[in-house]
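Number of protein chains: 6
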Amino acid sequence: MTELTHFDAQGRATMVDVSAKAETERAAVARGRVVMAPATLERIQAGTTAKGDVLGVARLAGIMAAKRTSDLIPLCHPLMLSKVTIDLTAAPPDAVEIEALVKLTGRTGVEMEALTAVTVAALTIYDMCKAIDRGMRIEAVRLVHKSGGKSGTYEAE
Amino acid sequence: MTELTHFDAQGRATMVDVSAKAETERAAVARGRVVMAPATLERIQAGTTAKGDVLGVARLAGIMAAKRTSDLIPLCHPLMLSKVTIDLTAAPPDAVEIEALVKLTGRTGVEMEALTAVTVAALTIYDMCKAIDRGMRIEAVRLVHKSGGKSGTYEAE
Amino acid sequence: MTELTHFDAQGRATMVDVSAKAETERAAVARGRVVMAPATLERIQAGTTAKGDVLGVARLAGIMAAKRTSDLIPLCHPLMLSKVTIDLTAAPPDAVEIEALVKLTGRTGVEMEALTAVTVAALTIYDMCKAIDRGMRIEAVRLVHKSGGKSGTYEAE
Amino acid sequence: MTELTHFDAQGRATMVDVSAKAETERAAVARGRVVMAPATLERIQAGTTAKGDVLGVARLAGIMAAKRTSDLIPLCHPLMLSKVTIDLTAAPPDAVEIEALVKLTGRTGVEMEALTAVTVAALTIYDMCKAIDRGMRIEAVRLVHKSGGKSGTYEAE
Amino acid sequence: MTELTHFDAQGRATMVDVSAKAETERAAVARGRVVMAPATLERIQAGTTAKGDVLGVARLAGIMAAKRTSDLIPLCHPLMLSKVTIDLTAAPPDAVEIEALVKLTGRTGVEMEALTAVTVAALTIYDMCKAIDRGMRIEAVRLVHKSGGKSGTYEAE
Amino acid sequence: MTELTHFDAQGRATMVDVSAKAETERAAVARGRVVMAPATLERIQAGTTAKGDVLGVARLAGIMAAKRTSDLIPLCHPLMLSKVTIDLTAAPPDAVEIEALVKLTGRTGVEMEALTAVTVAALTIYDMCKAIDRGMRIEAVRLVHKSGGKSGTYEAE
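Chains as they are written, first to last, in our numbering: chain Z, 106 to 262; chain H, 106 to 262; chain C, 106 to 262; chain E, 106 to 262; chain F, 106 to 262; chain X, 106 to 262.
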């Protein structure tokens, strides 16, 4: 059975050794979705023009969270990200789609940074809209693309 | 239309004033799920006994993240949590169910702390198993219970 | 000579004892200004409508920084802020005025939180506009109002 | 009109892509000033010898803050600084002058790190002296030198 | 056998519920020691007067670390400390003695904050002197006093 | 007399310049010990199988703390660690031995990261067992191996 790389032969958690890996350009794209009441989505869409930019706040929160990934995920390596962008798109009638792209030149991949950016952006949408819609749900958070590194390119969609 | 509480009348983001709110006991429960290949779940279940406790690491990561919620979510108030517990349960054939309970005696609710705990626990499962299953997805992250405070009790399930 | 409260009788730095202080409602207002080329201000003003909201990003950065004040200022007490708002106002032809209001119910004042919010908002404006104007300056960062606590109300302007 | 680099064509905030930039040695020097009552400056100058080293505490706070810049400024890249020094000089009768020098070998400049170091050192002086002088002001925080990278050397003074 | 309070009946890590505990004044004192070559201690003692205040830097590092205890120790509650002081005393010929006192009015004790302050102050001494003495050792870090809370007063020395 | 590298010629604290140092592979090993009542050690050993994995929690805390070293130790450089492992071994009748190994490819050594990992793992053991044994002590925290960099290899044991 393939081993989980974050445990050693005795089953002890470890931050794996990447010092022998090459510094290559790496990228990852993750996506997710916040599903909500149609009225909540309308409220968010109104807000982007005049009265409170929910998606703008969520975008910043996601970018900042990507930089904190190694603080949050116990066995992630600290990384010097070279690019983070987040797209938040209204998907009427009842969802916001989130996509995060993260790049770095380094020894380990940035999948976790992209996934962390998506989830924190989603949590921020929840926070800003929870007074009008407690039933929102975060759905379908997944990796859709990964490139660079020994394991090569991965495309999910 | 109900206003979003995190923006003022001009649509500017703000951390809302809770100083007039009463200090009451508040609790929140959030749930979510990581969906994966059946072989990945088997691997996690084997690990809890002998070779690497994925769920134990995810539980700790979630607890620690709950304490950092106000660092991650831009307009959340800093809070002194009085209790955090996280349950992670294998749901064969292909999922791990996550539930977080957070309590505090204070002036504002702890929904975001519970949701943050669930998502970071889920991200940690992804991180530890990604070498064997890149297709895992985080699904159905939602608030299921909230009590305390002026808005009273909320039950979703 | 009045003693500096952050040093003991031997001149050693200390976090002063506030445990005997009463929990009262406290507030502080700080102000500051970023002075820039007129063209830079025009660019910022254009951005608030259509192409990049510099002031919105700076507002969020200031709010988040207020929450981290005790991490940054060595002898500040950790505090549970109950409100933070930041106003950023274009002051043609060549400045942005920044005002931060911070409130809490607690044992020590929030002057440092208000001043930290102003300076980090100002630094963020610098960061976002530095590609077009390296000569921007942060000026006149000061406390303008303080209320609550034993020392009473202070008004500077 | 020159574009602000921290926004994309649709005006959305983004952490810009530096992966194609060369790793070069980069340096930045920033300066600022805390203006205070003459008696406050005398108190600080007395303290550096025997009863509480305000400038020593401010220096450390500034150095530590330089390392946290990417946590504070939303769109800053995380960087591995290779050198930080801060000079704090009494400027009688009523000011302390602050200068920070930051260096790194990397893909992006360190202006924000130098400016953050200056402002946090200034805020720390305010914190330590506020019990005797609430009217202190932080003035003239600006970049005075920058070298390395594609945009070349900048000298303001 | 007495149970470890940080695990539930199934052995899962948990942040224990303190919401039913009374808010009382609590204090803790911890001590530790850095043992070093006599020449290193002489160098530190010389530095406190003229050429580099090792103990002053270590004191600040310890105070700041006390505030971050709940970020470092996974199951510690976040706390609003009301006082932190650290004494560092040369103990010729070959040691520095460290004592930290922490106070708060709250629902849980501050032993971990005092112990964290001592160890980070000790690590900082190591860092500042390691170029001249790699053989330094941190010894005898322990709790010496605790008061407040249901379990009452504890005195070790 | 050899100079302390973290102070300049005037005795001012500084983060030393490592930009001219070569990027080499560096490693450090640190060790320490938590001494406790024999009954406490028995409780910990029982826990690793069925009722609460004290050593597993301490291992994670130590790994995460290694990544935060530059946040805690004022003059440490931020580093991108490439590997962290921690061994915790019961040493009957009354101690747990801790060993941390840290590696990186970079311009400065990782001694402080290894020592920080050991002490935070030790503090976490204290936290989890303090309800049954307040008299535990952290002892003999020291560097045992260092390699890479200009100063070459150091072996203490």
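For every residue, glycine included, the Cβ atom is placed at its ideal position computed from N, Cα and C.
- Against chain X, a Cβ distance below 8 Å from E:Arg164 picks out Arg117, Ala118.
- In terms of Cα proximity to F:Ala226, the closest of X:Thr221, X:Ala171, X:Ala227 is X:Thr221.
- For H:Asp122, there are no neighbours in chain Z by C-beta distance under 9 Å, as the nearest C-beta there is about 14 Å away.
- At a cut-off of 7 Å between beta-carbon atoms, F:Ser252 makes no contact with chain H.
- Within the segment 180-197 of chain F, the residues whose Cβ lies closer than 8 Å to any Cβ of chain H are, in chain order, Leu180, His182, Pro183, Leu184, Met185.
- Z:Gly240 is classed as exposed because its beta carbon has fewer than 16 other beta carbons within 10 Å across all chains shown.
- Secondary structure of H:Thr190 (DSSP, three-state): strand.
- Around C:Ile168, the beta-carbon contacts reaching into chain H at under 8 Å are Ala118, Thr119, Met120, Pro179, Leu180.
- Against chain F, the beta carbon of H:Thr210 has neighbours under 7 Å at Ser124, listed in chain order.
- Taking a Cβ-Cβ cut-off of 8 Å, the neighbours of H:Glu130 in chain F comprise Ser124, given in sequence order.
- A contact is defined here as three or more CB-CB pairs under 8 Å, and the segment 173-186 of chain X meets this definition with respect to the segment 181-198 of chain Z.
- Using a CB distance cut-off of 7 Å, F:Gly161 counts as an interface residue toward chain E.
- Taking C-alpha positions only, H:Asp158 is separated from E:Thr145 by approximately 58 Å.
- The beta carbon of F:Ile149 sits closer than 6 Å to the beta carbons of Val159 from its chain, once the five residues preceding and following it are set aside; these are given in chain order.
- When the five nearest sequence neighbours on each side are left out, the beta carbons in the same chain lying within less than 6 Å of the beta carbon of C:Glu202 are those of Arg138, Thr194, Ala196, in order along the chain.
- According to the DSSP assignment, Z:Lys172 belongs to the alpha helix (DSSP H) that extends over 159-172.
- The Cβ of C:Ser256 sits no closer than 7 Å to any Cβ of chain F.
- Identification of chain Z residues near C:Asp158 by a Cβ-Cβ cut-off of 9 Å yields Asp158, Gly161, ordered along the chain.
- Using beta-carbon distances, C:Asp232 counts as an interface residue toward chain E, with a partner under 7 Å.
- If you draw a 10 Å sphere on the C-beta of E:Glu262, you find fewer than 16 other C-beta atoms in it, and that means exposed.
- Short of 6 Å from the beta carbon of Z:Glu130, and not among the five residues preceding or following it, lie these beta carbons of its own chain, in chain order: Thr210, Gly253.
- In this structure, the beta-carbon distance from C:Ala170 to E:Leu177 falls below 7 Å.
- Close to chain Z, meaning a Cβ-Cβ distance shorter than 7 Å, are the following residues of the segment 216-232 of chain H: Glu216, Met217, Leu220, Thr221, Thr224, Val225, Leu228, Thr229, Tyr231, Asp232.
- Considered as a whole, the segment 193-237 of chain X harbours 216-234 as its complete alpha helix (DSSP H) runs of no fewer than 4 residues, in chain order.
- For Z:Asp192, the closest alpha carbon among the candidates E:Thr119, E:Thr229, E:Leu109, E:Ser256 is that of E:Thr119.
- Counting along the chain, the unbroken alpha helix (DSSP H) around F:Glu147 starts and ends at 143-151.
- The CB of X:Glu244 comes closer than 7 Å to the CB of Glu244, Ala245 in chain F, given here in chain order.
- According to the DSSP assignment, X:Ser252 belongs to the beta strand (DSSP E) that extends over 242-252.
- Looking at the DSSP output, H:Gly137 shares a beta bridge with H:Ile203.
- In this model, F:Ala125 and H:Glu128 are separated by some 13 Å (Cα to Cα).
- The Cβ of E:Lys172 sits closer than 7 Å to at least one Cβ of chain X.
- Exposure of H:Lys255 is indicated by the presence of fewer than 16 other C-beta atoms within 10 angstroms of its C-beta.
- For C:Arg239, the closest Cβ of chain E is nearer than 7 Å.
- Against chain F, the CB of X:Thr110 has a partner CB under 7 Å away; the residue lies at that interface.
- Residue contact with chain Z for H:Ala236: present (Cβ-Cβ distance below 7 Å to some residue of chain Z).
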